[in-house]
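Q:
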Amino acid sequence: MTMTSEFLHDSLQKYFGFDRFKGNQEEIIQSVLNGRDTFVIMPTGGGKSLCYQLPALILDGTAIVISPLIALMKNQVDSIRGYGQNDEVAHFLNSSLSRTQMKTVKQDIVSKRTKLLFIAPETLT
């Protein structure tokens, strides 16, 4: 699904409040949106997260992000919610959640409100 540069910049502004991409982010995001397997190496603070977050917000469905660190998952979810999205847009599933919290997350996924789901590797089994 090829998106115009203008559409990507508009989406970047809409979802994150940024007016430009860093480095190769736009090219990487376009690759993801075109359905290509995309491997990215960037330094800390280089903007890797945006390379999967923006496509997840643009495309239909829920993107699953596997992360071994509970603190990192929470940080990512708090960050995406902090850009003005509703709380349902991003969730994490791991051992720190109560049954009630797990139920809420699953309901949001089934109702298609969740765009990004961060899970621990052990959750895959």
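Under the working numbering, the first residue of the sequence shown is numbered 11, with each subsequent residue one higher. All C-beta atoms in this analysis are idealised placements derived from N, C-alpha and C, irrespective of residue type, glycine included.
#1: What three-state label does DSSP hand alanine 100 in the structure shown?
#2: Using 8 Å as the threshold, is the C-beta distance between methionine 13 and glutamine 40 below it?
#3: Using the three-state DSSP reduction, which class does isoleucine 74 fall into: helix, strand or coil?
#4: Are at least three pairs of beta-carbons, each pair with one atom in the segment 60-76 and one in the segment 114-131, less than 8 Å apart?
#5: Among Phe31, Ala66, Leu67, Leu69, which has the Cα closest to the Cα of glycine 56?
#6: Buried or exposed: isoleucine 90, going by 16 or more other Cβ atoms within 10 Å of its Cβ?
#7: What are the residues that DSSP puts in a beta bridge with isoleucine 129?
#8: Would you mind giving the Cβ-Cβ distance between tyrosine 25 and leucine 69, rounded to the nearest angstrom? I have them listed as a contact below 8 Å.
#9: Alpha carbon to alpha carbon, how far is leucine 134 from tyrosine 93?
#10: Could you name the residues of the same chain whose beta carbon sits closer than 7 Å to that of glutamine 23, not counting the 5 residues immediately before and after it, in chain order?
#11: Please state whether DSSP places lysine 32 in a helix, a strand or coil.
A: Let's see:
#1: Walking along the sequence shown from the start, residue 100 turns up at place 90. Note: alanine 100 maps to strand in three-state DSSP.
#2: The residue given as residue 13 occupies position 3 in the sequence shown. The residue given as residue 40 occupies position 30 in the sequence shown. Against a cut-off of 8 Å, the Cβ pair of glutamine 40 and methionine 13 comes out as a contact.
#3: Counting from one through the sequence shown, the residue named residue 74 turns up at place 64. Three-state DSSP puts isoleucine 74 in a strand.
#4: yes
#5: To locate residue 56, count along the sequence shown from 1; it is residue 46. Per the Cα distances, Phe31.
#6: Stepping through the sequence shown from its first residue, residue 90 is reached at position 80. Buried, because 16 or more other Cβ atoms sit within 10 Å of the Cβ of isoleucine 90.
#7: Residue numbering aside, residue 129 sits at position 119 when the sequence shown is read from its first letter. Partner(s): Ile76, Leu103.
#8: To locate residue 25, count along the sequence shown from 1; it is residue 15. To locate residue 69, count along the sequence shown from 1; it is residue 59. Their Cβ separation, rounded to whole angstroms, is 12 Å, which puts tyrosine 25 and leucine 69 out of contact at 8 Å.
#9: Position 124 of the sequence shown, counted from the first residue, corresponds to residue 134. Position 83 of the sequence shown, counted from the first residue, corresponds to residue 93. Approximately 28 Å, taken between the alpha carbons.
#10: Counted from its first residue, the sequence shown places residue 23 at position 13. Correct list, in chain order: Asp29.
#11: For this step, residue 32 is matched to residue 22 along the sequence shown. Note: lysine 32 maps to coil in three-state DSSP.
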